[in-house]
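Heads up, the thing below is written out as structure tokens.
Residue numbers (UniProt numbering): 1 to 370.
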């Protein structure tokens, strides 16, 4: 496939090389960076590739069913994929969040916009149709959080995604070396005003000021009372936390380690996912992100218990490479890869993906037959 510039891309990873040439090095580092030694970042990327898919053949694969419903969230997906929240999308392209939201809608997928956006919620909703989720952090000033919730509700979002893996900001050493701040890169977090002074020493405060590092399980009752919308907890990797999330009445659990940008040395999400699935026992939908870059990775995620998977950085690289068209092309490629992986595995419907389809590293044999 070709971008409008004539550059050829064969898979989602191809977009990164194109984006790196186009983007300022500091902006590229902001997207690419993980925490500290970037061990978790690398684990996310590598672990999916080590999960073996055991195909079955002589199956009628003339029709592949990929449509997915997440009924508790009121979402219909053309394939089991969501576009996750990613900060400061105008660093990739001037059209930023609007362009990616439009590409998601054209692909029949929900778009999750973030509190850390460089476009106002209202603008995204006005200029990009389609179902949306809103990701946020909880502030010490609950009135500020409630104000964001009211605005998100007014935009018609389907669910609120509360990120729980960031009580403090991870040490992203590329950003520290580059003295990265939104203002220094010519963008602003336009959906709220951080209460911080000026200066490079406030690089972290400029993005996290006011967040409640004490937000805990007992505070979820407040969150549920503060909005009429379903609540998803994003950033869960431990099965005990997943079980607690269900007990506290969340509508879905989002298995994520923030793309390897927070705790360094934690598990890959592909490792955490089956453990979380065992703890949740199908009571709520599971969403997963972290290192997903192929349609076959989405298939692996479904086999390990996910209801839907998210592709993150590859869409940012596609946005940088070709704007809305680039992001749309990336999602079309992902769809074709998933369709191909399903057909070559003998799985004709996303609703028939079974745990026995895949074998994790160290597993001696298949769990069950298809």
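Where is the CB? At the ideal position from N, CA and C, for every residue including glycine.
Here's a check: name, in chain order, each residue in its chain whose Cβ is nearer than 6 Å to the Cβ of residue i, leaving out the five neighbours to either side.
i: residue 335; result: 79
i: residue 270; result: 47, 48
i: residue 361; result: 50
i: residue 151; result: 121
i: residue 242; result: 236, 253, 276, 279, 280
i: residue 220; result: 248
Provide the residue span of the beta strand (DSSP E) that contains residue i, from first to last.
i: residue 215; result: No beta strand (DSSP E) contains residue 215, which DSSP labels as neither H nor E.
i: residue 265; result: Note, residue 265: premise wrong, no beta strand (DSSP E); not H, not E.
i: residue 181; result: Premise fails: residue 181 is in no beta strand (DSSP E) and is neither H nor E.
i: residue 309; result: 308-310
i: residue 121; result: No beta strand (DSSP E) holds residue 121; the alpha helix (DSSP H) holding it covers 121-127.
From which residue to which residue does the alpha helix (DSSP H) around residue i run?
i: residue 26; result: 25-32
i: residue 149; result: 142-154
i: residue 18; result: 14-22
If we count the other Cβ atoms within 10 Å of its Cβ and call it buried at 16 or more, is residue i buried or exposed?
i: residue 240; result: exposed
i: residue 333; result: buried
i: residue 98; result: buried
i: residue 217; result: exposed
i: residue 368; result: Confidence in residue 368 is poor, its pLDDT being 48 and thus under 50, which makes the residue's placement unreliable; the coordinate value appears in the next sentence. With fewer than 16 Cβ atoms within 10 Å of its Cβ, residue 368 is classed as exposed.
i: residue 161; result: buried
i: residue 222; result: exposed
i: residue 191; result: buried
i: residue 1; result: exposed
In chain order, what residues of the same chain have a beta carbon less than 7 Å from the beta carbon of residue i, not counting five sequence neighbours either side?
i: residue 315; result: 83, 100, 327, 330
i: residue 33; result: 172, 174, 175, 261
i: residue 233; result: 162, 164, 245, 250, 253, 254
Taking Cβ positions, are residue i and residue j nearer each other than 8 Å?
i: residue 251; j: residue 231; result: yes
i: residue 268; j: residue 44; result: yes
i: residue 104; j: residue 130; result: yes
i: residue 29; j: residue 174; result: yes
Report all residues from its chain with a CB closer than 8 Å to the CB of residue i; omit the five preceding and five following residues, and keep chain order.
i: residue 199; result: Any reading at residue 199 must be qualified, since the residue scores a pLDDT of 43, below 50, and its modelled position is unreliable; no value is offered.
i: residue 22; result: 320, 321
i: residue 306; result: 80, 255, 273, 277, 286, 287, 288
If residue i and residue j are in contact, beta carbons under 8 Å, what's the gap, nearest whole angstrom?
i: residue 110; j: residue 179; result: Not a contact, Cβ separation roughly 35 Å.
i: residue 88; j: residue 118; result: 5 Å
i: residue 55; j: residue 345; result: 4 Å
i: residue 39; j: residue 264; result: 5 Å
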